[in-house]
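See structure below.
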Amino acid sequence: MEVHVQPRTRSKMFCGCAIAPLNAEPNTHVCEVCLGLPGVLPVPNKAAVEACLKTALALNCEIPRHTKFDRKNYMYPDLPKGYQISQYDLPMSVNGYLELGGRRVRIRRVHLEEDTGKLIHAGDKLHKAWESYVDLNRAGVPLMEIVSEPDLRSADEARDYAMELRTLLRTVGASEADMEKGQLRAEPNISIRRAGSEELGVKTELKNINSFRALHRAILYEVERQREVLESGGKVVQETRGWSEAEQRTFEQRSKEAAEDYRYFPEPDIPPLELDRAWVEELRAALPELPAVRRARLAGMLPVAVAQAIGGDRDLADLYDTAIANGGPPVSTANWIVNEIAPTMKLPSGENLAELVKLVDGGRITRDQGREVLLESVESGRTPAEIAAEHGYEQVSDDSELRVLAEAVIDSNPKAVADFRGGKKQAMQALMADLRKRAPQANPKVANQVLLELLG
Ligand SMILES: [Zn+2]
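The number in this note's numbering is simply the position in the sequence shown, starting from 1, with 16 added.
Structure, rendered in structure tokens:
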């Protein structure tokens, strides 16, 4: 699988142009360099190199001492230079792996290159009046290409791999990896083989898949298509195919160019990079706790499913850790995160979450009140104790106060009391209702106990 990821940088790969927001007017984020005008000199973006190295280190890759950029020649109007600057035989990193469900998916390489522009075809089919436009805002935007060895065995594994990569990229801060913004695109290479055979069949490559769901479906479709071709006596053709979301099928795009068609050669305008070892080691030492390690640590203190859910998302895991550091009880804090926070991803501060969970666990406010307090705390940033006090949510759990209340309830409900003592246990509901009317903040559990004691 090849995965293209846009690293988190302010500017493009080889020039000072800012990264265009999605709604930018076409061709407003361009300059001489990314327009490919003659006589200009590209300069590598250090932030992109750093993001690539962080990713490579998190993927357990080796970082060679020297790396260089190469020209990949192709004539297509989405890159006006007539070539793409990429990396061929000396990539930024090689030979890593990603832990996935207890086994290793080998990573062949993580390298840097530049993105292409976007072609927009418009016009009128009926009159064959076609017009094509090009928007070069994306031309020259940095891309990391993460290439795995053929170790993925199913559509499920391929999807899990892409999701785990996204978590990893966000954890190390290399990319926001937002698929909806095109910051992570997957290109699975798919081939099948007879059960028991070691040899993989001819592969097809699916281009630019931009959702996990599409990735899963496209692979399932393509496996089935190849099986039908082979079983009807045909041959699978090596080619690039696209995925039609509307039709839920893959379709032929172009037959695959062999590597030599691109006539790669070293980029003459950028000297080879010598990667400073001290810098590489600094980046390695500064890597945060990686998702697999974090999940293992959380699994030591939480039920497996809860640990998976929290450990799979950096924001939730950070929230959990800060809430625990602020005294939040581990299991209830985890449950609040999974049940109440994860569905909306509206995050309170760790401190406020810890305080909220303690209020609920200590019986000072009810769970329902806790939900409301949580929402308000997220919106206003104020502390749960403040909000609860303002709403008068603080529950009365004090025995002596509740005893006075319960006695008043018993005095004013002689019929319900007689019913209850005569064996009609449901009469308790009427007594509790009266008690709640008198004191909405009464802790229902404790109040019920006090009533039972007095009636018994
Ligand atoms: Zn530019």
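Even for Gly, the Cβ is constructed at its ideal location relative to N, Cα and C. Please read all numbers here as calculations on a predicted model, not as lab measurements.
**OP:** Answer with buried or exposed for I136, where buried requires no fewer than 16 other C-beta atoms within 10 angstroms of its C-beta.
**Re:** exposed
Subject >> Contact set for R175: own chain, Cβ-Cβ below 7 Å, skip 5 residues either direction >> reply: In chain order, F228, L231 and H232 place their CB closer than 7 Å to the CB of R175, counting only its own chain and leaving out the 5 sequence neighbours on each side.
Subject >> Span separating the alpha-carbon of D476 from that of P346 >> reply: Outside the shown range of the chain (17 to 472) lies residue 476, about which nothing can therefore be said.
Original post:
Sorry if obvious, but does the Cβ on V59 come closer than 8 Å to a heavy atom of ligand 1?
Top reply: Taking 8 Å as the cut-off, the C-beta of V59 does not count as close to any heavy atom of ligand 1.
Subject >> C-alpha gap between E255 and V218, whole angstroms >> reply: Going by the C-alpha atoms only, they are around 9 Å apart.
**OP:** Flag this pair as touching only if the segment 293-301 and the segment 318-328 have three or more C-beta atom pairs under 8 Å; answer yes or no.
**Re:** no
Original post:
Is the segment 142-153 touching the segment 61-71, taking contact as three or more C-beta pairs under 8 Å?
Top reply: no
Subject >> Proximity test, C47 beta-carbon vs ligand 1 heavy atom, cut-off 8 Å >> reply: Closer than 8 Å to some heavy atom of ligand 1: that describes the Cβ of C47.
**OP:** Kindly examine ligand 1 and report whether one of its heavy atoms sits closer than 8 Å to the Cβ of K28.
**Re:** yes
Original post:
Is it a yes or a no for the segment 73-88 touching the segment 48-55, going by three-plus beta-carbon pairs under 8 Å?
Top reply: The segment 73-88 is not in contact with the segment 48-55.
Original post:
Between the Cα of V163 and the Cα atoms of L142, D172, I123 and E180, which residue gives the shortest distance?
Top reply: I123
Original post:
To the nearest angstrom, how far is it from the Cα of S248 to the Cα of M108?
Top reply: 44 Å
Original post:
Nearest CA to the CA of L303: which residue from P23, T44, A34 and K70?
Top reply: K70
**OP:** Assign F30 to one of two classes, buried (16 or more other C-beta atoms within 10 Å of its C-beta) or exposed (fewer than that).
**Re:** buried
Original post:
Unbroken beta strand (DSSP E) runs of length 3 or more, entirely within the segment 229-300: which are they?
Top reply: 255-260 and 265-271
Original post:
Does the distance from the C-beta atom of T132 to that of L106 stay below 9 Å?
Top reply: no
Subject >> Closest by C-alpha distance to L471, when choosing among K461, G438, Q457 and P460 >> reply: G438
Subject >> Proximal residues to L185 (C-beta, below 7 Å), its chain only, five neighbours per side dropped >> reply: V21, T71, S191 and A193
Original post:
Can you name the residues that DSSP bridges to M160?
Top reply: Its beta-bridge partners are V21 and L128.
Original post:
So is the beta-carbon of L51 under 8 Å away from any non-hydrogen atom of ligand 1?
Top reply: yes
Original post:
From what residue to what residue does the alpha helix (DSSP H) around L390 run?
Top reply: In the DSSP annotation of this structure, the continuous segment of the alpha helix (DSSP H) that includes L390 starts and ends at R383 to S396.
Original post:
Is any heavy atom in ligand 1 found nearer than 8 Å to the beta carbon of G32?
Top reply: yes
**OP:** Assign Y92 to one of three DSSP states: helix, strand, or coil.
**Re:** Shown here, Y92 sits in coil according to DSSP, grouped into three states, outside any helix or strand.
Original post:
Considering S102, what are the terminal residues of the beta strand (DSSP E) in which it resides?
Top reply: Note, S102: beta strand (DSSP E), Y99 to S102.
Original post:
For P204, which option in R169, A333 and R210 has the closest C-alpha, if you only look at C-alpha atoms?
Top reply: R169
**OP:** Would you mind listing the alpha helix (DSSP H) stretches within the segment 327-371 that are 4+ residues and don't spill past its ends, in chain order?
**Re:** 330-341 and 346-352
Subject >> DSSP three-state assignment for E402, whether helix, strand or coil >> reply: E402: helix per DSSP, three-state reduction.
Subject >> the segment 197-217 in contact with the segment 234-246 per 3-pair CB rule at 8 Å >> reply: Under the 8 Å Cβ criterion, the segment 197-217 counts as touching the segment 234-246, having at least three qualifying pairs.
Original post:
With contact counted as at least three CB pairs below 8 Å, one residue from each stretch, are the segment 390-402 and the segment 424-442 in contact?
Top reply: no
Original post:
Does the beta-carbon of Q264 have 16 or more other beta-carbons within 10 angstroms, so that it is buried, or is it exposed?
Top reply: Q264 counts as exposed, since fewer than 16 other beta carbons sit within 10 angstroms of its beta carbon.
Subject >> Neighbourhood of S348 by C-beta, 6 Å cutoff - its chain only, sequence neighbours within 5 removed >> reply: V373 and D377
**OP:** Assign T360 to one of two classes, buried (16 or more other C-beta atoms within 10 Å of its C-beta) or exposed (fewer than that).
**Re:** exposed
**OP:** With DSSP as the reference, please indicate the residues paired to T220 in a beta bridge.
**Re:** I206
Original post:
Is the CB-CB distance between A74 and V239 below 9 Å?
Top reply: It is not a contact, given that the beta carbons lie outside the stated cut-off.
Original post:
Mind checking whether the beta-carbon of G212 lies closer than 8 Å to any heavy atom of ligand 1?
Top reply: no
Original post:
Excluding five sequence neighbours on each side, which residues of the same chain lie with their C-beta closer than 7 Å to the C-beta of E129?
Top reply: Q100, I101, S102, Q103, L159 and E161
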